[in-house]
Amino acid sequence: MDQSQEDILLISESDLRRLALQVLQHLGLSAPHAQAIARIVVAGQRDACQSHGAYRILSAAQTIRTGLVDLQVPPLLQPTQGAITRVDAQRGFSPWALEVGLPPLVAATRKLGMGALVINHCFHFTALWPEVEMLTDEGLAALVMTPSHAWVAPAGGSKGVFGTNPIAFGWPRPGPYPYVFDFATSAIARGDLDLHRRAGTPLPEGVGIDAQGQPSTDPAAVAQGAMRTFGGHKGSALATMVELMAGMLIGDLGSQESMALDAGAGGMPCHGHLVLAFDPKRFAGEDWPGHQARAEALFAAIQGQGARLPSERRYAARALSAQQGIRLPRQLHDEILALLN
Ligand code: NDP
Ligand code: PYC
């Protein structure tokens with residue numbers, strides 16, 4: 051999916067945010083919904099996350115066309131119960147609900163040592179790392195997970211049961227960049243499958259099967275069949291955990307139910323979302339700086355072998371975007387602009 055220089059526009063972060071806001075509001079979203087979505091998708095494009103950056107403006111538009119998502123409804127913050135902060139997104143998109151739930155989550159985590167933010171009834175289509183970074187910025191460790199649509203077969207099976215069910219983890223570090231990983235528990239994110247389909251390029255071997263259960267590298271055939279979990283039975287178990295923890299545990303839909311709600315309309319998934327936060331100063335106590343230094347030694351041991359840490363590619367892209375502007379595929383830019391017609 052490499053693109054030549056002519057296919058790429060350089061755009062400033064503020065211009066891309068302005069464009070995203072204009073389009074999202076034109077599509078009918080209230081200003082706070084549009085602003086929260088714009089912040090998160092622009093951050094994705096700035097970090098060169100092609101499947102979860104500006105491309106997701108098209109996903110938002112497609113979801114809006116289904117008529118299932120509420121474009122105006124404010125998230126309902128419920129009274130905090132111990133460690134649990136709960137926000138009912140009331141079938142709106144998730145980013146505004148996240149922003150509403152974050153301050154009480156941070157307060158509860160500082161008070162109790164750990165906290166959980168449960169977002170119910172949200173349409174969720176973003177990357178998870180921006181959510182994790184909002185917590186590492188507060189000096190907290192974080193673990194975030196969410197179901198999606200049942201596109202992914204269990205290891206040993208051939209029919210979609212799980213969502214692409216991403217898990218993200220963040221650890222606060224001295225300096226500007228936390229340790230963060232963020233990945234789908236499927237062998238490929240659905241967003242990347244879609245990008246292959248749009249570009250007419252084959253999928254990597256081994257990520258999906260067609261409707262007859264045969265291995266396929268044709269994105270359209272795999273979209274009709276099923277995607278595989280990463281790491282076989284291990285990814286399958288992690289995907290199950292996400293269904294349980296961010297579905298049944300929090301009293302919300304899993305990926306099969308989300309897909310049934312969509313009923314073939316082609317919108318983004320609607321379900322619950324779980325954000326866990328941990329205060330190292332409460333877990334490690336006064337010795338936290340010493341233990342944080344031990345964590346730094348671990349990272350140095352990884353990098354000392356020539357291996358890279360997760361998110362290094364993103365952070366490098368972030369620095370490049372700050373210097374040169376954000377790289378945006380011209381075709382995507384034109385498709386986003388066309389939403390104004
Ligand atoms: P990738 O496989 O691209 O990357 C997974 C993680 O591994 C990243 O943190 C990445 O860091 C890191 N990584 C990649 N290569 C290496 C390497 N060689 N050494 C060390 N670390 C490495 O992610 P996915 O395609 O699985 O997911 C992409 C995005 O899709 C995620 O942001 C996820 O949240 C999102 N998603 C959202 C869903 C939703 O329902 N909302 C569903 C599924 C996915 P780096 O970024 O620096 O390369
Ligand atoms: O890429 O798998 C994905 C995805 C699902 C919902 C949002 N992104």
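No gaps in the numbering here: position 95 of the sequence shown is 145 in the working numbering, and each next residue is one more. A virtual CB, placed ideally from N, CA and C, is assigned to each residue, including glycine. Please read these numbers as outputs of a predicted model, since none were measured by experiment.
As assigned by DSSP and simplified to three states, the class of residue i
i	result
T214	coil
P7	The structure shown does not extend to residue 7, since the chain spans only 51 to 391, so no value can be given for it.
A110	helix
P265	strand
I238	coil
H323	strand
Y365	helix
G206	coil
Q355	coil
R96	helix
A139	strand
A345	helix
P379	strand
T196	coil
T279	strand
V119	coil
D302	coil
Y227	coil
W201	coil
Q373	helix
Q72	helix
Q131	strand
G258	strand
L288	helix
D384	helix
L59	strand
D337	helix
L66	helix
G220	strand
L311	helix
D244	helix
L389	coil
L294	helix
Cβ shell of residue i (< 7 Å), same chain only, five flanking positions each side left out
i	result
T111	According to the sequence as given, residue 111 is Ala; it is not Thr. Answer for A111: L77, L389, listed in chain order.
A1	Since the first residue of the chain shown is 51 and the last is 391, residue 1 is not available in this structure.
Q6	Since the first residue shown for the chain is 51 and the last is 391, residue 6 is missing from the structure and cannot be characterised.
A276	W201, V202, A203, S208, K209, G210, G258, I259
I61	G375, I376, L378
L359	Y229, F349, I352, Q353
F280	T235, S236, A237
R160	D329
Cβ-heavy atom distance, residue i to ligand 1, below 7 Å
i	result
F231	yes
R363	yes
W179	yes
R358	yes
P216	yes
T279	no
T186	no
T290	no
T251	no
C99	yes
T113	no
T4	In this structure the chain extends from 51 to 391, so residue 4 is not present and cannot be described.
T196	yes
Contact set for residue i: own chain, Cβ-Cβ below 6 Å, skip 5 residues either direction
i	result
L167	T135, G151, L155, V325
Q75	A84
D97	R364, A367, R368
L288	T235
I238	V257
S371	R96
L79	L121
C99	A177
D302	N170, H321, G322
M318	S109, T113, F173, F175
A218	L178, W179, V182, V194, D232
R106	V91, F175
Cβ shell of residue i (< 8 Å), same chain only, five flanking positions each side left out
i	result
V272	L243, L253, V257, G258, I259, D260, S266
I58	R377, L378, P379, R380
P330	G189, L190, A191, P222, W338, H341, Q342
V92	E63, L66, R67, A70, G103, A104, I376
A270	R247
For ligand 2, which residues have a Cβ under 6 Å from at least one heavy atom, in chain order?
Near ligand 2, meaning a beta-carbon closer than 6 Å to one of its heavy atoms, we find S101, F175, S198, T214, A234, A239, R240, G241, M318, P319.
Alpha helix (DSSP H) runs contained entirely in the segment 136–192, provided each spans 4 or more residues
Counting only runs of 4 or more, we get 144–162, 179–186.
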